[in-house]
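So the structure is just underneath, and the comments pick up after that.
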Amino acid sequence: MNVLLVYNPYAGHGRAQKILPEVEARFLEKDIEFELRTTDYHEHGIGIVKEADFSRYDGIVAAGGDGTLFEVINGYFQNPATVKIPIGVLPIGTENAFARDLKLYNDHWQDAIDIVALQQP
233 MNVLLVYNPY
243 AGHGRAQKIL
253 PEVEARFLEK
263 DIEFELRTTD
273 YHEHGIGIVK
283 EADFSRYDGI
293 VAAGGDGTLF
303 EVINGYFQNP
313 ATVKIPIGVL
323 PIGTENAFAR
333 DLKLYNDHWQ
343 DAIDIVALQQ
353 P
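Here's what the structure looks like:
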């Protein structure tokens, strides 16, 4: 499996930057290949996903909070690709309201990666 990992290092008041090595290790442990793209400014995630070649990936993972997920979804629907791929959520932001509704909590972000690993490419 190969995913586009859209990672907001500023999420969770900068906590996301600190746990990035753990996140990368967990993806590798689960045999998930990933292309890491970090967001550097507001709405950068939109451009990353809008310009992505979806045929190269089995899915997209939005790593951050609700804002990161919002950007990924907006870029997804602006992408001209005819092939559509699933979007996963790695809740490492401050609020994570969407992920919380799915019973994914930021203190158990590893569970979200485990769910991605269960998907068939």
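Residue 259 in this note's numbering sits at position 27 of the sequence shown, with consecutive numbering throughout. Ideal Cβ positions, reconstructed from N, Cα and C, are used throughout, including at glycine.
Find the nearest neighbour of Asp-285 within the set Leu-252, Asn-234, Gln-249, judged by alpha-carbon distance. With distances taken between Cα atoms, Asp-285 lies closest to Asn-234.
Assign Leu-260 to buried or exposed, taking buried as 16 or more other Cβ atoms, counted over all protein chains shown, within 10 Å of its Cβ. With fewer than 16 other Cβ atoms within 10 Å, it is exposed.
Quick check on the DSSP output: the alpha helix (DSSP H) that includes Arg-247 runs from which residue to which? Segment 247-261, the alpha helix (DSSP H) holding Arg-247.
Leu-236, buried or exposed, once every other Cβ within 10 Å from all chains shown has been counted against 16: That one is buried.
Based on the DSSP secondary-structure assignment, which residues constitute the bridge partners of Ala-294? Its beta-bridge partners are Val-238, Val-321.
Look at Ile-317 and Ile-292 and say whether their C-beta atoms are less than 8 Å apart. In contact: Ile-317 and Ile-292 (Cβ atoms closer than 8 Å).
Nearest CA to the CA of His-245: which residue from Ala-331, Thr-326, Leu-350, Ala-349? Here the closest residue by C-alpha is Thr-326.
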